[in-house]
């Protein structure tokens, strides 16, 4: 979102020649140990890698490698390191913050071929999987053992476990079951200089600093993950969901606090506002209350006895908090129906608007009413509609800004709206990203959330793993220089200066 | 309070430039843990108090010098708890020491460890810089997870200043069941049970008896009791049992004339014959084993490492300078990464120098 000045044409030509030479050199080296089909250099072959799930940012990589073993990854990294080539790792490419956006002078390292579940240990409740394995495939594979892998990001049918580690992905059940960092035990990583290191262990802790926590959510900037040992959780025997309607959003927010205040930790607790409700109801007919200003979905899971007790409590709390209507799923089919609307929220919004832009701020729940009011004001100010979907249980907001990229200036307005919303999240004591990562998308707002010394400490951590700054550079942590630029660009009116120059 | 932190900063800046070490401490209730570290003392108990506690947010922010007992009694009034059941060992334990040592209690295998509940920290690094990482919200992936890196680092990466935690409601009902069984059976059962949707919150095998704690809703716990059988322990005895286990009380840790080893191993590891006739106490569903015995440290570590675990000398025998390394050695690239991180946070090696004796500086 920051302005980049175009290089002059002659510089560009020289740069192209330099990239071409570097590409040929690295491709030659890689072809010594990778099959020909695993080294891609032609533009048409590289096209599928030009963006991740944040498709407004596109860039062809210099070349791509598709290794299929840890030993091959080690060799690739040794070669790239020796030739000082930057490396961007990629799983399924579903990330929403541009973390896997390629670099024009970098190698794109696809881990798509690492798609094997190596070993499941039913007694220990663990699975050793390769990073390219899809999140949902793990749960499918162990379903017959009445176990599952708990973190369930909404992209779970497609997203890879390696990407989940890189982003510390969450999902709708993380208040009770935790994020990726709580559900992995051990990694094999390949360092920038091509050495395999075991991080964590099959025990519950390991000697030295907690590098497992540090690796989780590090956005591919500290090492390349080639193996993941995940914890498996016993599948709850039963789950039921309460769907409550509220006449205003604030009341719904209070109901969320009341549920937590009553000592309940729901398996899932989600909120949707009117615009989101209408968009999904027109799309999937989930039976949502079209008159409600907000609805809450509150799930209980466990043994039948636990669920019965908890559902009664939840219903009582909702009613006491002013719910205008309350329905409890009677069977699994109805539970799935209630959830179908929430799960279809993004595509449903996609139907009512040519484009939408998803925000990922996290806030203390107490600030919800204030943040939603301000969101409404910003929506009016920019003339852009905004549908609110909210992981209410853990304070993670997903406002969806509706826009049309074909209308001149509308993407820029959307970006400015988004930037103001993220600043607001910081202001109320929250964070710019709850689960989607910083990537390139929110890198400017990192300048607001962290001061110079803190960002420098992040770079110190990076250098401890990657002294030459070759792993996914330019993502997640902004340089001092970049923050200075951003400081100059920010204006309190929210309108970015030079709206007509190219941005990425 | 700001002046307290500024003075700590000043002292670390001075220590950094003169390369003279400081020893950061709270209540000294866990000073037995870790290698000896010498230097000018920085007592964090002068920096105490709850900064923010929002029971309805499930978030607590406290100053590092706050007594653990004070925090627990405050949370108790709200029907909440620190889910990792931290050991006190003796009166005066602080929350800063709890996070620095990273030691969790009996609930750890079922609810999570200290690191799992830390949301954010404010630290002073080895250059004297006052830095904030993470925050007060449950989901937060902005920047590297430096907060969790501080857990168990024994103050060697930074002085803990403020810490935010995710907290949880206390279970409505807790009950403890006992089963007579040998060690091998207990390890097998603990793992089988943990694979079922049962509200288990702690497990222990000690002297021919498996003890299991159930925590949850009234209906859930009652149903699980019926399913599991066993003999119910009176609740007063049960509370004493688990707090003794947590704090290494006499009941479980009879020996003071022998070193106590903490063996962290994969939970399904079969019984390990490590020293003939020596007492072992098992926790965490088999993943944590305590051994009180005079053993060859290197041999022990080789045995434990072979099964995928590591061994820490938790307590040396009273009055004996053992000369044994406290923490399990690490080598190769992993050792290099650890040393690099230490240098990144504390370039002059002044913070609790040498206390984490498997990380070089």
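Chains as they are written, first to last, in my numbering: chain A, 326 to 829; chain B, -1 to 359. Yeah, the Cβ is synthetic: ideal placement off N, Cα and C, and Gly gets one too.
### Query
Within the chosen definition, does the stretch 96 to 104 of chain B reach the stretch 120 to 140 of chain B through at least 3 CB pairs nearer than 8 Å?
no
### The alpha helix (DSSP H) enclosing residue 680(A), as first and last residue numbers
No alpha helix (DSSP H) contains residue 680(A), which is instead part of the beta strand (DSSP E) from 680 to 683.
### Task
Give the DSSP-derived three-state secondary structure of residue 302(B) in the structure shown.
helix
### Task
Go through its chain and collect everything with a Cβ distance to residue 739(A)'s Cβ below 7 Å, but skip five positions before and after it.
682, 709, 726 and 728
### Task
Tell whether a beta-carbon distance below 8 Å holds between residue 292(B) and residue 331(B).
no
### Query
Does the separation of the CB atoms of residue 454(A) and residue 553(A) fall below 8 Å?
yes
### Query
Relative to the C-alpha of residue 801(A), which residue among 753(A), 762(A) and 809(A) is closest?
762(A)
### Task
Apply the 10 Å Cβ neighbour rule to residue 532(A) and answer buried if 16 or more other Cβ atoms are within range, or exposed otherwise.
buried
### Message
Quick check on the burial criterion: 16 or more other C-beta atoms within 10 angstroms. Buried or exposed for residue 199(B)?
### Response
buried
### Own chain, CB closer than 6 Å to residue 216(B), minus 5 neighbours either side, in chain order
170 and 171
### Query
Are the C-beta atoms of residue 326(A) and some chain B residue less than 8 Å apart?
Reliability of the predicted coordinates at residue 326(A) is poor, the pLDDT of 38 falling under 50, and the value obtained from them is presented with this limitation in mind. Answer no: the Cβ-Cβ gap between residue 326(A) and chain B never drops below 8 Å.
### Task
Give the C-beta separation of residue 279(B) and residue 250(B) to the nearest angstrom, bearing in mind that I take them to be a contact with Cβ-Cβ under 8 Å.
5 Å
### Message
Which residue marks the beginning of the alpha helix (DSSP H) containing residue 623(A), and which one marks its end?
### Response
Here residue 623(A) belongs to no alpha helix (DSSP H); instead the beta strand (DSSP E) covers 619 to 627.
### Task
At 7 Å on the CB atoms, spell out the chain B contacts of residue 500(A), in chain order.
136
### Message
By DSSP's criteria, residue 446(A) is part of a beta bridge. Which residues make up the other side?
### Response
451(A)
### Any chain A beta carbon closer than 8 Å to residue 348(B)
no
### Message
Within 10 Å of its beta-carbon, does residue 511(A) have 16 or more other beta-carbons around it, so buried, or fewer, so exposed?
### Response
buried
### Task
Tell me residue 130(B)'s beta-bridge partners as DSSP assigns them.
120(B)
### Message
Give me the DSSP bridge partner(s) of residue 715(A).
### Response
596(A) and 722(A)
### Query
Exposed or buried, which one is residue 306(A) when buried takes at least 16 other CB atoms within 10 Å?
What the structure shows of chain A is the stretch from 326 to 829, and residue 306(A) is not part of that stretch, so it cannot be assessed.
### Message
Does residue 268(B) pass the burial test, meaning 16 or more other C-beta atoms within 10 Å, or should it be called exposed?
### Response
exposed
### Query
Can you name the residues that DSSP bridges to residue 523(A)?
513(A)
### Query
Hey, would you say residue 598(A) sits closer than 8 Å to residue 731(A), going by beta carbons?
no
### Message
Looking at the strands, I want to know which residues DSSP matches up with residue 415(A).
### Response
435(A)
### Message
In the DSSP assignment, the alpha helix (DSSP H) including residue 290(B) goes from what residue to what residue?
### Response
That residue, residue 290(B), is in no alpha helix (DSSP H); its beta strand (DSSP E) goes 286 to 290.
### Query
Who pairs with residue 549(A) in a beta bridge, going by DSSP?
515(A)
### Query
Is the CB of residue 817(A) under 8 Å away from at least one CB in chain B?
Any reading at residue 817(A) needs caution, since the residue's pLDDT is 38, under 50, leaving its predicted position unreliable; the model's value is listed next. Chain B contact via Cβ: absent.
### Query
Nearest CA to the CA of residue 506(A): which residue from 226(B), 340(B), 222(B) and 112(B)?
112(B)
### Task
Look up residue 707(A) in the DSSP assignment and say whether it is helix, strand or coil.
helix
### Query
Skipping 5 residues on each side, what residues in its chain have a beta carbon closer than 7 Å to that of residue 195(B)?
none
### Message
Run through chain B and tell me which residues come within less than 8 Å of residue 516(A), C-beta to C-beta.
### Response
331 and 335
### Euclidean distance between Cα positions of residue 578(A) and residue 619(A)
9 Å
### Task
Within the stretch 326 to 380 of chain A, note down every full beta strand (DSSP E) run reaching 3 residues or more, in order along the chain.
none
### Message
I'd like to know if the stretch 629 to 645 of chain A and the stretch 750 to 761 of chain A are in contact, where contact means that at least 3 CB-CB pairs between them fall below 8 Å.
### Response
no
### Task
With DSSP as the reference, label residue 8(B) as helix, strand or coil.
helix
### Query
So, residue 460(A) versus residue 484(A), is the Cβ gap smaller than 8 Å?
yes
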